[in-house]
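**Q**
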Amino acid sequence: MAQVLGAEEAESLRIELVELGRSLRSSFQRRSSSFQNSPALSSGSATHDADAEYALQWQQIDRLPTFRRLRASLFSIEDAGEEFDDKGKEMIDVTKLGSLERHGFIERLIKDIRNDNMRLLQKIRRRMDKVGVKYPAIEVRYRNLCVEAVCEVVQGKPLPTVWNSIKSVLYGLKKLAGSKTHEAKINIMEEVSGIIKPGRITLLLGPPGCGKTSLLKALSGNLDQSVKVIGEVSYNGYKLEEFVPQKTSAYISQHDLHLPEMTVREILDFSARCQGVGSREEIMMELIRREKDAGIIPDPDTDTYMKAIAAKGLESNLRTDHVLKIFGLDFCSETQVGDAMRRGLSGGEKRRLTAGEIIVGPTRALFMDEITNGLDSSTAFQVVACLQQFVHITDATILVSLLQPAPETFDLFDDLILMAEGKIVYHGPRDHVLGFFEDCGFRCPERKGVADFLQEVLSRKDQVQYWYRTDLPHNYVSVDMFSGRFMQSIYGKKLDEELSRASEKSKSDKNALSFSAYSIPKWELFKACMSREFILMKRNSFLYAFKTTQLTLIALITMTVFLRTRMNIDIVHSTDYMGALFYALIILLIDGLPELSMTVRRLPFFFKQKQLCFFPAWAYTVPVCIMKVPISLVQSLAWTCLTYYVIGYSPEVERFLRQFLLLFGLSLASTSMFRFLASVFQTNAAATTAASFAIYLVILLGGFIITHPSMPGWLKWSFWISPMTYGEIAISLNEFHAPRWQKMLSPNITLGQEILGGRGLNFKGYFYWISVAALFGFAILFNAGFTLALSFLKTPGLSRVIISHEKLSQVHGSQESNSDAHEGEKSENSGKETNIKPNKGRMVLPFSPLAVVFQDVQYYVDTPLELKEQGFVDKKLQLLCDITGSLRPTVLTALMGVSGAGKTTLLDVLAGRKTSGCMEGHIIVGGYPKEFVNEVLETIELDGVKDALVGTPGVSGLSNEQRKRLTIAVELVANPSIIFMDEPTSGLDARAAAIVMRAVKNVVDTGRTIVCTIHQPSIDIFESFDEVKLFLSFCLPKK
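Below you can see the structure in the form of structure tokens.
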């Protein structure tokens, strides 16, 4: 190991010496002399010749026009399969680098992620400092910031019952009438103030529900408009109303929303295209101009990297490869994200992808919400370390919210904001926070993580254990008291003094702010969305092929029902012809119904990217509409070709083409109508109900079931608003105006006119073209409505907030004394519960202690298509390799490993939950089937939200930590003998994680067998385990 490290250090030293030599030569010599007189710093003529050749090549670049010089660089070439070196250089256009060249370049630059990435950023910073070019910096200030939510007060449980919904409608009518309604204001944040400084990475710490997400959204300008914001937020002295904060900064959500059909690289490339290059191009132009004036020759690799990430209009950027590398996503770059039904990324990989999707752009201010949830300690440290390097070297502004940072991760932050109950308890340097709490009488134990201590010291239940002034009795210090002491401390006074000094706009860099919503031209946005839509069409090709096949089968059946040999040209059989025509219209109408669910499923992803100002609504809707045109074209053509001549319609080719055109227009109108309904109602339940009602109305008013003459007078107008009306008119006129239906029944009436007149469809021939135009008009109208709905309607799931009268009283403190007494009693009871002996606790239902033994467990899946396209020839991919172990009763086992190592896969295999793939090996579970355990709401501390709706993650309902505890409780109520828990503490703060692990330990003490996968355990949580099984990331192919 020492030899390996020595070799790496020697190689690093050699590279640094080469760079130092170049720097000295370029600093002490003008460009003209450097091209002719190479200094004798090399021991051999080879190095001298290489340097001279490099200088001559750079001279050629300097003579290029500015635009070409911005894209030209010297790139290391590969010599006979050997590794890259500095001896071979060629002038290239950085916009023409292929995927393999980009990948090889990043691999050469960054071998060790932490050290090499820092070295690259330092090279860039030193290059800029030489000529006095600075990064644009953003200072974010907020003063007296308050966030209020308006809630509707109801009696009883705050649930959207039928009665509460009726009352909501009545309240809405009251508001329209101007009368008062029973509403209340709930303070989410109360008069918080602070400064987020550039060049310093800040940690936002606090328990779930304390207002961290609201603060991050308020500072990034992403709070919903229904929430009232009071106070001032400014960037470099500019208020939020004076620029576009959603484009200047970025809020990285704690929820991972990615299109499951796209690969990791495709998501990052699309994000990079939509975000553009920001000020990178202007910085690069100014940099090369100053370097040319000063006669400075830059490092070729640094120059190539900076020019490549500053190039506009590229479908795939070098920045994507860089982000993939530093976030550890390069090995799964061609893997689809996946979802519940499609195998894809692990939870930790999705979390890193969420952060990388924003960091790949040029945004200088990032507000990141719980970005390390689901990551192992090593990966979390690596991610935060990369962010720290990015902040320190490039003067970026980053505020990161975390729940359970490990001690080494916690130490990476410069500043700390500690929140509780919507108030700021501390805002200042991270290394001074312990001193502040010691002044308040609380001391962190030696083996206690600082982050865990800071969250527990604010809790009424846990605060007393950290009181170190034994000469004084402990009295509970509330959050308000801590906040007041902070404002009186030197840290609070210093912060207030800084806030009192106004930030001057004239001294700030205006390039750091965005004054337009979108970074790239409209045409480039359209092309980016169009290319993504094409990828999604290819990935969903099975669906469209299935729809076409289904339509073909229905057409074959229809041909046998309405066979031409059974129908004559007369009035008797005209009803069969009319029925066949109407049936074709119904089939093409219903065939557009799958567009409803597909649109609803993609809405959350659209609203996320719209909020991030990736693109406007039209850039999303127009490609969607265009790409569905060929599908309608193929399906209409397939139906017409299969049924037209077999059923026996008029044989003229012109009539055939007219029917095809008509069905094509109806298919377009149908898919557009369902797409519009999905955009308006936005949820599957509401959209499906609306679509069913729309189908009913369209068919009923279409002129076949109820003819136009038979409609009541007050309903006749509705005949003209149904797309089926125009389809019925056009398809009937096309058939019954044919020559074979022109037989005269009386002097003035033909057979076709008699049939059409009986159905109320006796229109002139030109009505065919009017009807076709109307169908295409409906398609355009629905698509325009689709665009407008997505432009102006809110995100799905955002609705009015309701609160019970009892809860409102507790929030406002009207029952403070009773609440305090109740809290004290509950605290005592809780303390007793956590110390329940195994034979006297709640877990006494009869069960059989069972042990699990597994030997040589192998698990294979089919090789993904993406790997096959890269040349991976093996049919099977091995995810588990020779796994052997045992799980015993009364022993709590931790299953640890990096993200993607296979921990969840092993749990699924042991629990028998895998429905695909091939499993080999032996699993013995005491000879009995596998089951799961018993628990109660009080143990998991969910009794306070037992009447709340679960809701949708990231939209409504329970918070992340409440949702996690509910998941555990659901499994525990089954009273099994063996439990497999996949990351039970992920997404929880230190106190909630400790509560969960105490409950799990109580279950273990009853004799049950439990194994948990876990990431980033604190010292206390780690020591609660009896055994540890450590996983390494490993996979093998199976031929």
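Quick note: the sequence shown uses UniProt numbering, first residue 1, plus one each step.
The beta carbon of each residue, even a glycine, is placed where N, CA and C say it ideally should be.
State the start and end residues of the unbroken beta strand (DSSP E) segment that holds P473.
**A** Position 473 of the sequence shown, counted from the first residue, corresponds to residue 473. No beta strand (DSSP E) contains P473, which DSSP labels as neither H nor E.
**Q** Taking 7 Å as the cut-off, decide whether the C-beta atoms of D1026 and L892 are in contact.
**A** In the sequence shown, counting from the first residue as 1, residue 1026 sits at position 1026. In the sequence shown, counting from the first residue as 1, residue 892 sits at position 892. Yes, the pair counts as a contact, with Cβ atoms nearer than the cut-off.
**Q** So the beta strand (DSSP E) M368 belongs to, where does it begin and stop?
**A** Indexing the sequence shown from 1 puts residue 368 at position 368. A365 to D369 is the span of the beta strand (DSSP E), which, as asked, contains M368.
**Q** Helix, strand or coil for K312, going by three-state DSSP, please let me know.
**A** Position 312 of the sequence shown, counting from 1, holds the residue named residue 312. Looking at K312 - three-state DSSP - the assignment turns out to be coil, as it is neither helix nor strand.
**Q** With a threshold of 16 other CB atoms inside 10 Å of the CB of L761, please say whether the residue is buried or exposed.
**A** Position 761 of the sequence shown, counted from the first residue, corresponds to residue 761. The residue in question, L761, is buried, as its Cβ has 16 or more Cβ neighbours within 10 Å.
**Q** For P604, name the three-state secondary structure that DSSP assigns.
**A** Residue mapping note: residue 604 aligns to position 604 of the sequence shown, counting from 1. Reduced to three states, the DSSP call for P604 is helix.
**Q** So what's V772 in DSSP terms, helix, strand or just coil?
**A** Mapped onto the sequence shown, residue 772 falls at position 772. Reduced to three states, the DSSP call for V772 is helix.
**Q** Please report the straight-line C-alpha distance between V457 and Q463, rounded to a whole angstrom.
**A** The residue given as residue 457 occupies position 457 in the sequence shown. The residue given as residue 463 occupies position 463 in the sequence shown. Approximately 4 Å between the Cα atoms of the pair.
**Q** Measuring only the C-alpha atoms, how far is V94 from V772?
**A** For this step, residue 94 is matched to residue 94 along the sequence shown. For this step, residue 772 is matched to residue 772 along the sequence shown. The straight-line gap from Cα to Cα measures roughly 51 Å.
**Q** How long is the line joining the alpha carbons of S76 and E90, rounded to whole angstroms?
**A** The sequence position of residue 76 within the sequence shown is 76, counting from 1. The sequence position of residue 90 within the sequence shown is 90, counting from 1. Roughly 7 Å separates the two Cα atoms.
**Q** Does D301 pass the burial test, meaning 16 or more other C-beta atoms within 10 Å, or should it be called exposed?
**A** The residue labelled residue 301 in the question sits at position 301 within the sequence shown. So D301 counts as buried.
**Q** With distances taken Cα to Cα, identify the nearest neighbour of L145 among V131, L100, I106 and V192.
**A** Here residue 145 refers to the residue found at position 145 when the sequence shown is read from its first residue. Closest by alpha carbon: V192.
**Q** First and last residue of the alpha helix (DSSP H) that includes Y491?
**A** Sequence index remark: in the sequence shown, residue 491 carries index 491 (1-based). It spans I490 to S500 - the alpha helix (DSSP H) in which Y491 sits, taken as one unbroken run.
**Q** Spatial neighbours of F786 within its chain, please: C-beta separation below 6 Å, excluding the five flanking residues on both sides.
**A** Residue numbering aside, residue 786 sits at position 786 when the sequence shown is read from its first letter. T621, R675, F676 and S679, listed in sequence order.
**Q** Decide yes or no for the touch test of the stretch 299–313 against the stretch 385–405: beta carbon pairs closer than 8 Å, at least 3 of them.
**A** Cβ pair count under 8 Å is below three, so no.
**Q** Tell me, to the nearest whole angstrom, how far the beta carbon of G727 is from that of L666; I am working on the premise that it is less than 8 Å.
**A** Here residue 727 corresponds to residue number 727 of the sequence shown, with the count starting at 1. Here residue 666 corresponds to residue number 666 of the sequence shown, with the count starting at 1. Contact holds; Cβ gap of about 5 Å.
**Q** Among Q404, I309, V264 and D299, which one has its Cα closest to the Cα of L345?
**A** The count along the sequence shown starts at 1 and reaches residue 345 at position 345. The residue with the shortest Cα to Cα distance from L345 is V264.
**Q** Kindly list the residues whose CB is nearer than 7 Å to the CB of T548, restricted to its own chain and excluding five residues on each side of it in sequence; keep chain order.
**A** Taking the first residue of the sequence shown as 1, we reach residue 548 at position 548. For T548, where only same-chain residues beyond five positions count, the Cβ hits under 7 Å are V634, Q635 and A638.
**Q** In angstroms, rounded to a whole number, what distance separates the CA positions of L581 and F763?
**A** In the sequence shown, the residue the question calls residue 581 occupies position 581. In the sequence shown, the residue the question calls residue 763 occupies position 763. Between L581 and F763, the C-alpha separation is close to 17 Å.
**Q** DSSP three-state label for G206, please.
**A** Along the sequence shown, read from residue 1 onward, the residue named residue 206 stands at position 206. Reduced to three states, the DSSP call for G206 is coil.
**Q** Beta carbon of L697, beta carbon of A779: below 7 Å?
**A** On the sequence shown, position 697 is the one that residue 697 refers to. On the sequence shown, position 779 is the one that residue 779 refers to. Against a cut-off of 7 Å, the Cβ pair of A779 and L697 comes out as no contact.
**Q** Among all the DSSP beta bridges, which residues are the ones paired with L880?
**A** By one-based count along the sequence shown, residue 880 stands at place 880. The partner list for L880 (beta bridge, DSSP) reads Y859.
**Q** Answer yes if the stretch 125–139 comes into contact with the stretch 191–209, meaning at least three C-beta pairs across the two stretches below 8 Å, and no otherwise.
**A** Contact between the stretch 191–209 and the stretch 125–139 is present, because at least three Cβ pairs lie under 8 Å.
**Q** Can the beta-carbon of W769 be found closer than 7 Å to that of G752?
**A** By 1-based counting over the sequence shown, the position of residue 769 is 769. By 1-based counting over the sequence shown, the position of residue 752 is 752. Cβ atoms of W769 and G752: not closer than 7 Å.
**Q** Helix, strand or coil, according to DSSP, for K461 in the structure here?
**A** Within the sequence shown, the letter at position 461 stands for residue 461. Looking at K461 - three-state DSSP - the assignment turns out to be coil, as it is neither helix nor strand.
**Q** Does DSSP put H392 in a helix, a strand or coil?
**A** Counting from one through the sequence shown, the residue named residue 392 turns up at place 392. Here H392 sits in helix by DSSP.
**Q** Alpha carbon to alpha carbon, how far is I1014 from T409? Give it in angstroms, no decimals.
**A** One-based indexing of the sequence shown puts residue 409 at position 409. One-based indexing of the sequence shown puts residue 1014 at position 1014. Those two C-alpha atoms are separated by around 17 Å.
**Q** Could you please give me the residues that DSSP links to I398 through a beta bridge?
**A** Stepping through the sequence shown from its first residue, residue 398 is reached at position 398. Partner(s): I201 and L366.
**Q** Given 8 Å as the limit, is there contact between the stretch 235–253 and the stretch 316–331, that is, 3 or more CB pairs closer than that?
**A** No contact exists between the stretch 235–253 and the stretch 316–331.
**Q** Helix, strand or coil: how does DSSP classify T1006 here?
**A** In the sequence shown, residue 1006 corresponds to position 1006, counting from 1. Looking at T1006 - three-state DSSP - the assignment turns out to be coil, as it is neither helix nor strand.
**Q** Kindly indicate the opening and closing residues of the beta strand (DSSP E) around S193.
**A** Here the question's residue 193 lines up with position 193 in the sequence shown. That run of the beta strand (DSSP E) goes E183 to I196.
**Q** Would you call the stretch 247–259 and the stretch 586–605 touching, i.e. three or more CB-CB distances under 8 Å?
**A** Yes, the stretch 247–259 touches the stretch 586–605.
**Q** Given 8 Å as the limit, is there contact between the stretch 339–354 and the stretch 283–295, that is, 3 or more CB pairs closer than that?
**A** Because the criterion of three Cβ pairs below 8 Å is not met, the stretch 339–354 and the stretch 283–295 do not touch.
**Q** Round the Cβ separation of L495 and H432 to the nearest angstrom and send it over; I've been treating them as touching at under 8 Å.
**A** Within the sequence shown, residue 495 is the residue found at index 495, counting from 1. Within the sequence shown, residue 432 is the residue found at index 432, counting from 1. About 12 Å; that fails the 8 Å criterion.
**Q** Are the Cβ atoms of L612 and T248 separated by less than 7 Å?
**A** Sequence index remark: in the sequence shown, residue 612 carries index 612 (1-based). Sequence index remark: in the sequence shown, residue 248 carries index 248 (1-based). No, the Cβ-Cβ distance between L612 and T248 is not below 7 Å.
**Q** Counting only the same chain and skipping the five closest in sequence on each side, list residues whose C-beta sits under 8 Å from that of L223.
**A** Start at 1 with the first residue of the sequence shown, and residue 223 comes out as number 223. Excluding positions up to five away in sequence, the list reads V147, S214, K217 and V229.
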